[in-house]
Amino acid sequence: EPEVTQTPSHQVTQMGQEVILRCVPISNHLYFYWYRQILGQKVEFLVSFYNNEISEKSEIFDDQFSVERPDGSNFTLKIRSTKLEDSAMYFCASTSMEGLNTEAFFGQGTRLTVV
Amino acid sequence: AQSVSQHNHHVILSEAASLELGCNYSYGGTVNLFWYVQYPGQHLQLLLKYFSGDPLVKGIKGFEAEFIKSKFSFNLRKPSVQWSDTAEYFCAVNAATGRRALTFGSGTRLQVQP
């Protein structure tokens, strides 16, 4: 079964450092997403990406965040200068373009710990 | 804006007990509804989904959910839980047209005791 893969599974970084979280969506999918889940809180939408540009973003996705699809297979989330409150599980997801009604497939997540 | 409420934060059941997890949503338009499950250390997996048609939907592993439009609810049920159902369960919605991003509930941690 095709799956979304994320690397690394766990990333520890010092406050103020840049981090890049990587995702390989399902190969024939066209919409890509990042979500995050702060420990003990709900899963929150960050950003969606289609046709090489951001299609939607939440208020969480401020200027310190950016996304990129650098090579046609990877989909990355960059946090420019990490803060303690960025510590969370980050999930990548993708959906196909087979009609509007389709489910999202999620990766296993990257646990980001900012110290 | 959409919102999703899951009122049960932590549920503890014995094996073979019946399960019902509540999910209510708030949104002015037509929605798609989902239940995702997250087993310990694993990714979010789709249990079942509702787009249109029969409001009673059946998913994997014996789970089902019923969409009651008048109550804005999409409760998850299973007649007899197993120890392997121990996991966190998330209800989610997105708009049937336009915005695809999911809005999640806060999740329900289910613990099934053998």
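Read top to bottom, the protein sequences are chains A and B.
Quick note on my numbering: the first sequence kicks off at 87 and runs consecutively.
Quick note on my numbering: the second sequence kicks off at 30 and runs consecutively.
Every residue, glycine too, gets a C-beta built ideally from N, C-alpha and C.
Quantities reported herein were computed from a predicted structural model and do not represent experimental measurements.
Taken in chain order, the complete beta strand (DSSP E) segments of 3 residues or longer contained in the region 99 to 169 of chain A are 105 to 110, 117 to 123, 129 to 136, 139 to 143, 151 to 154, 161 to 165.
Sequence-distant partners of Q35(B) (beyond 5 residues in either direction) whose C-beta falls short of 6 Å from its own C-beta, in its chain, are C52, C120, G134, S135, T137.
Rounded to whole angstroms, Q150(A) and L85(B) show a C-alpha spacing of 43 Å. In terms of CA proximity to T59(B), S81(B) leads the group L42(B), V40(B), S81(B). For F151(A), the nearest beta carbon of chain B is not closer than 8 Å to its own beta carbon. With contact defined as three or more Cβ pairs closer than 8 Å, the region 156 to 172 of chain A and the region 103 to 111 of chain A are in contact.
The count of Cβ pairs closer than 8 Å, one atom from the region 119 to 129 of chain A and one from the region 173 to 182 of chain A, reaches three, so the stretches are in contact. By the C-beta criterion, the region 65 to 81 of chain B is judged to be in contact with the region 90 to 98 of chain B, since at least 3 inter-stretch pairs fall below 8 Å. With contacts defined as CB atoms closer than 8 Å, E44(B) and V110(B) qualify as a contacting pair. Close CB contacts of R155(A) within its chain, under the 8 Å cut and outside five residues either way in sequence, are with F118, F135, N138, F161, T162 (chain order). Residues of chain A whose Cβ lies closer than 8 Å to the Cβ of T132(B) are, in chain order, F131. By the Cβ-count criterion, I165(A) is buried, with 16 or more other Cβ atoms from all chains shown falling within 10 Å of its own Cβ. Looking at E189(A), I146(A), T168(A), the one whose alpha-carbon comes closest to that of F63(B) is E189(A). Assignment of E44(B) by DSSP, reduced to helix, strand and coil, places it in the coil class.
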